[in-house]
Amino acid sequence: MGRVFTTGEALIDFIPLEIKDSLKEVESFAKMPGGAPANVAVTASKLGSKSYFIGMLGEDSFGNFLLDTLNKYGVDTAYTYKTSKAKTALAFVSLGKDGSRDFSFYRDPSADLFLSVENVKNIEFRSDDYISFCSVDLVPYPVKDATEYLLKKAKSSNATILFDPNIRKNLWNDMNLYRETVLYFMKYADILKISDDEIEFITGKADIDSGIDFLKSLGVKNIILTLGKNGASAYFGSKYLHTDGISIVPIDTTGAGDSFVGAVLHMLDIIGKKPDDLSKSELDEILNFANKVGALVSTKKGAMDSLPTKDEALNFIID
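The opening residue of the sequence shown carries number 720 in our numbering; numbering runs sequentially from there.
Shown next as structure tokens:
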């Protein structure tokens, strides 16, 4: 088996203890560890892969809490650093009756933005490694250069790169720059994971099929499209397949997409093939497993704390 690396932000999610229509109406919150790349690393680890989180935390109580949590879940933190330049990022979340979320971020700037090339220059990749990244930390800070440095190094080592844009418009001031940056970084991706509600912003196409065609015209060979309760589709070269969604009553969808990515990376690690070499049946196995892991996470509150072990995921699948 290879290794699963994730790079980007780890932060604190403040999850509401009651369901309200808007964040301003929420009176009490619970502190939960989160951040998409950190969630992916924990998912992969809990499912049984060797995972690493590459990122920067603040030298504060929240940073200490996140570091302890990553270690608790078996994530290797050899490349997780701390800085006094900024505090650990915070996100306040409101939950709708259907489990949908509204975010308010406190990270201007936050510690994750100060991960530098100097921090990551000694990280070496192998051809059986996997690395995933998101767009949240592609803003014009040192972390953007550090991320690109890692991707170039991973590419030269023939490691598999997965890009989940995880669009958060309220973290960028310039939407044109945001879109251009996401499109620029797609050139590094062996797999692009994108959700149906991100297609129009990224591609400029309101129709999903037109959006997929646009992405393929840019040279993106392998695409996983998540469709929420309607499941997920894979467009890998000339291969296409769809898996239906799982019927659940969502409690909190925080971390569901991240757990999906972590499950995909874990299954790739188990199967041990490059994305281009996957058979249709192997793609179906990957999507079904990831789809059900994401659904299971949606039935609990919080991100990391709701991420399943392999046994929990398999038992949920059996049910």
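For every residue, glycine included, the Cβ atom is placed at its ideal position computed from N, Cα and C.
Please read all numbers here as calculations on a predicted model, not as lab measurements.
Query                                                                                                     : Result
Contact under 8 Å by Cβ, Gly981 with Thr799                                                               : no
Counted within 10 angstroms of its Cβ, other Cβ atoms place Ala925 as buried (16 or more) or exposed      : exposed
Given 8 Å, three or more beta-carbon pairs between the stretch 780–799 and the stretch 914–934            : no
Rounded C-alpha distance that separates Asp928 from Leu944                                                : 11 Å
Strand pairing of Thr962, partner residues [DSSP]                                                         : Ala951
Sequence-distant residues of its chain with Cβ nearer than 6 Å to Lys769 (five each side left out)        : Arg722
Spatial distance of Ile990 from Asn1007 (CA atoms)                                                        : 14 Å
Per-residue burial, Glu843 [other beta carbons within 10 Å of its own, 16 or more giving buried]          : exposed
Beta bridge counterpart(s) of Gly753 as assigned by DSSP                                                  : Leu730
Local Cβ density within 10 Å of Asp856, reported as buried at 16 or more and exposed below that           : buried
Buried versus exposed call for Met720 [16 or more other C-beta atoms within 10 Å across all chains shown] : exposed
Assigned secondary structure, Asn941 (DSSP; H/G/I helix, E/B strand, else coil)                           : strand
Reference Asp883, options Ser914, Phe824, Phe748, Met751, closest by Cα                                   : Ser914
Whole-angstrom C-beta distance between Leu834 and Val862, which should lie under 8 Å                      : 4 Å
DSSP beta-bridge partners of Phe882                                                                       : Phe852, Leu911
Residue burial classification, Arg845 (beta-carbon count within 10 angstroms, cutoff 16)                  : exposed
Test item: CB-CB of Lys765 and Leu987 under 8 Å                                                           : no
Coarse secondary structure for Pro828, derived from DSSP in three states                                  : coil
Of the residues Glu778, Phe1035, Asp996, the one placed nearest Lys1011, counting alpha carbons only      : Phe1035
Run of the alpha helix (DSSP H) containing Ser1000, from where it starts to where it stops                : 999–1016
Opening and closing residue of the beta strand (DSSP E) in which Gly777 lies                              : 769–777
Paired residues, beta bridge with Thr973 - DSSP                                                           : DSSP, once it has assigned bridges, lists no residue as partnering Thr973.
Continuous alpha helix (DSSP H) stretch holding Gly788: start and end                                     : The question names Gly, but residue 788 in the sequence shown is Thr. From DSSP, the alpha helix (DSSP H) with Thr788 extends over 780–791.
Proximity of Leu809 and Leu742 at Cβ, strictly below 8 Å                                                  : no
C-beta contact flag for Val745 and Ser851 at 8 Å                                                          : no
Met775 versus Tyr860 - alpha carbon distance                                                              : 12 Å
Secondary structure of Lys801, DSSP reduced to three states                                               : strand
Cβ pair Lys958, Gly938 closer than 8 Å                                                                    : no
Rounded C-alpha distance that separates Ser803 from Leu997                                                : 44 Å
Where Met751 falls, given that 16 or more other Cβ within 10 Å makes a residue buried                     : buried
Beta-bridge pairing of Leu809 - partner residues as DSSP gives them                                       : Ile731, Tyr825
Neighbour-count burial assignment, Val839, 16 or more Cβ in a 10 Å radius                                 : buried
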